[in-house]
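Here the working numbering is used: the sequence shown runs in plain steps of one and ends on residue 941.
Backbone N, C-alpha and C define an ideal beta-carbon position, used for all residues, glycine too.
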Amino acid sequence: MLTRNCLSLLLWVLFDGGLLTPLHPQPQQTLEAEPRDNVVPVPGRRSSVQRVKRGWVWNQFFVLEEYMGSEPQYVGKLHSDLDKGVGTVKYTLSGDGAGTVFTIDETTGDIHAIRSLDREEKPFYTLRAQAVDVDTKKPLEPESEFIIKVQDINDNEPKFLDGPYVASVPEMSPVGAYVLQVKATDADDPTYGNSARVVYSILQGQPYFSIDPKTGVIRTALPNMDREVKEQYQVLIQAKDMGGQLGGLAGTTTVNITLTDVNDNPPRFPKSIFHLKVPESSHVGSAIGRIRAVDPDFGKNAEIEYNIVPGDGGNLFDITTDENTQEGVIKLKKPLDFETKKAYTFKVEASNLHLDHRFHSVGPFKDTATVKINVLDMDEPPVFSKPMYTMEVYEDTPVGTIIGAVTAQDLDAGSSSVRYFIDWKNDVDSYFTIDATEGTIATNELLDRESTAQYNFSIIASKVNNTAGIETERNGYSRRQQELYFLPVVIEDSSYPVQSSTNTMTIRVCRCDSDGTILSCNVEAIFLPVGLSTGALIAILLCIVILLVIVVLYVALRRQKKKDTLMTSKEDIRDNVIHYDDEGGGEEDTQAFDIGALRNPKVIEDNKMRRDIKPDTLCFPRQRPPVEDNTDIRDFINQRLQENDVDPTAPPYDSLATYAYEGNGSVAESLSSIESLTTEADQDYDYLSDWGPRFKILADMFGEEESYNPDKVT
């Protein structure tokens, strides 16, 4: 940096004709003044002496930003050629930051920065310099203006001011398709060094996308990216200054990229055949079923159009598209008749409305499926051969004369039998009768033309397939004798073997008037003839309830009193009951006596004798008597038992004592060297050979050592 400043100063001096007076051995920045009287030779002309008035020589100073040194940062020096170094010249500084940011030594002219500077806050300062006589206070040089420029350091990372970004690109795009351009800004000086030179890279998002390191343009890096496989991508972009070199500062941003849909998938039916069942009674124009083709595309690219392929079987139906679900809705164009045709078969085609010519090579963007419709038979009423019948009869014709007949036919499969009735709502049912099976109509009374010349009445025809009629077998019914009748009904089919089921029909006797109109069928009507009113019945029921409550309360009080008496007697004698059949609970048994006293250490110290038994002998210290050779284990156990029996410190209840019986001593006695005599005299170890094969190796070792003679020559 100092070299650059020196070169700039040298070029300025050469072009401007100023003079540089170095005051230090290293290069430094200086403002100098030329002598007022100076002889300047002019090249190419006759030399002459001219008096030229010179002013301040201007130069630009530099100061490093973010200086963190303990001493004020040296900036440069002001110097006048009239300054002879005797202290007669005073230097002053004014302008931006004079006195607050920059100070000057009035005697030497040295300029220092007294605080840290930020280039991004203020890139340069404009100041004015002045040299005055100390005594006269008059200016020695004209006031001159100069600039102190804050030199940049890399103290700002790149920032994405517009991030995070949202972008989209069509699916199935080729490699290199444009997605988005990102831009990072660096607050450092772009004209100095590489502090603001930004390089872009992808930290997350490969291998799907790439970015231009200089421009920040993001493009696709893989061909045929399918939205139906993956729709959303999150790409992490980094911008690094210093040209991306080591030590540069970096900033990141996120780019959320969505693959937009294109029509690259044809509709497909999930199955080749659709089965529908439609009642024959369906109305024309009604929807009888839905089918759907699946298109994984989105929006308008998934819109499907359905059509019935022309051919046999589809002329009775139509199909439209449900815009919300993209289903094909099959509708009925003509009536259905199970007796005429029981099934229909036709084909339906599903195709896209909006095609993309780029994907024509994939194949036809349509699919076909077969629809089979089965017509369901419905139970329809019989149909008369004619809508109206006209019959003539002479007046005064004898009763029972047949005057005509009606005919109705069951068109359903199976052709059930038909039964005929005269509509009971007409008043003429008493003048004529109809045979329920044959449908023949006959007179029931003598007819008089002068009274009534014409009769109009309706005939009802019903099927006998699944109906049953119930008739009464007597004339009068009394509700007081029996109000309800339960009639079992058995239903059987006509196949073999016969299948049947039974149900119960409830028949209620109701009060009716002479015309057959029901007056009442409730419970109250049964008691009304007796003479009891509704209020009387309620009063009787209320009295019964009160009596029941009184009885319940009386019984409860008696039981409570008896219980209290028993409890009182139990409490009186509870403390006097002593149980002698307890086996004891060991340490846990605290009911028969206070075990705390037995566990009191003070009691044991005061009296070491057992309280529950009288000891036969005094307590002796527990010592193990010498055991003779070949002592039996039983003797050892008996001896230990006797010791525990006479021990006064033993607890007054059963306890577990362990007896560690080690057995008889070894025939070789102790092998320890603790009790051995320490002597340097030779010992005889021949007895080791008598101890058996287990000590053979030890006997051989000591025997060889003992028999060794260094003076013996073999």
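Whose C-alpha, out of the options, is nearest the C-alpha of residue i?
i	options	result
residue 462	437, 556, 450	437
residue 528	604, 340, 392, 553	553
residue 422	391, 396, 457, 382	382
residue 636	482, 692, 682, 788	692
residue 326	314, 356, 312	356
residue 340	347, 728, 352	352
residue 288	604, 522, 329	329
residue 496	587, 594, 413, 349	594
residue 684	678, 670, 650	650
residue 401	446, 525, 455	446
residue 741	703, 874, 367, 542	703
residue 370	455, 346, 307	307
residue 346	363, 377, 766	377
residue 663	409, 644, 784	644
Mapping DSSP to helix, strand and coil, what is residue i?
i	result
residue 460	strand
residue 916	helix
residue 741	coil
residue 513	coil
residue 399	coil
residue 726	coil
residue 365	coil
residue 302	strand
residue 335	coil
residue 732	strand
residue 709	coil
residue 472	coil
residue 631	strand
residue 785	helix
residue 245	With a pLDDT of 33 at residue 245, under the threshold of 50, the predicted position of this residue should be treated as unreliable, though the coordinate-derived value follows. If DSSP states are grouped into helix, strand and coil, residue 245 belongs with coil.
residue 866	helix
residue 563	coil
residue 528	helix
residue 584	helix
residue 676	coil
residue 769	helix
residue 778	helix
residue 503	strand
residue 355	strand
Between the C-alpha atoms of residue i and residue j, what's the straight-line distance to the nearest angstrom?
i	j	result
residue 469	residue 442	16 Å
residue 548	residue 732	50 Å
residue 451	residue 502	38 Å
residue 633	residue 615	9 Å
residue 942	residue 659	With the chain running from 228 to 941 in the structure shown, residue 942 is simply not present.
residue 559	residue 601	13 Å
residue 596	residue 575	5 Å
residue 738	residue 776	37 Å
residue 778	residue 771	11 Å
residue 248	residue 304	The predicted position of residue 248 is uncertain, since its pLDDT is 32 and thus under 50; a value taken from the coordinates is nonetheless stated next. Whole-angstrom Cα-Cα distance: 10 Å.
residue 507	residue 629	38 Å
residue 661	residue 748	33 Å
residue 309	residue 478	54 Å
residue 411	residue 484	19 Å
residue 322	residue 387	37 Å
residue 926	residue 915	5 Å
residue 453	residue 546	32 Å
residue 557	residue 499	16 Å
residue 665	residue 604	27 Å
residue 689	residue 667	15 Å
residue 781	residue 700	55 Å
residue 678	residue 613	29 Å
residue 592	residue 514	27 Å
residue 525	residue 718	58 Å
residue 965	residue 873	An answer regarding residue 965 cannot be provided, because it is not within the stretch 228 to 941 covered by the chain.
Assuming residue i and residue j form a contact by the criterion Cβ under 8 Å, report the distance between their Cβ atoms to the nearest whole angstrom.
i	j	result
residue 466	residue 435	Contact flag wrong, Cβ pair sits at about 20 Å.
residue 494	residue 520	4 Å
residue 580	residue 532	5 Å
residue 648	residue 697	About 14 Å; that fails the 8 Å criterion.
residue 302	residue 375	6 Å
residue 314	residue 359	Not quite, the Cβ-Cβ distance comes to about 13 Å (not below 8 Å), so this is no contact.
Check whether the stretch 373–390 touches the stretch 291–298, counting contact only when three or more Cβ pairs, one atom from each stretch, lie closer than 8 Å.
-> yes
Determine contact between the stretch 614–629 and the stretch 667–675, defined as no fewer than three beta-carbon pairs at a distance below 8 Å.
-> yes
Determine contact between the stretch 392–410 and the stretch 482–499, defined as no fewer than three beta-carbon pairs at a distance below 8 Å.
-> yes
Does the count of Cβ pairs from the stretch 330–339 and the stretch 315–322 closer than 8 Å reach three?
-> yes
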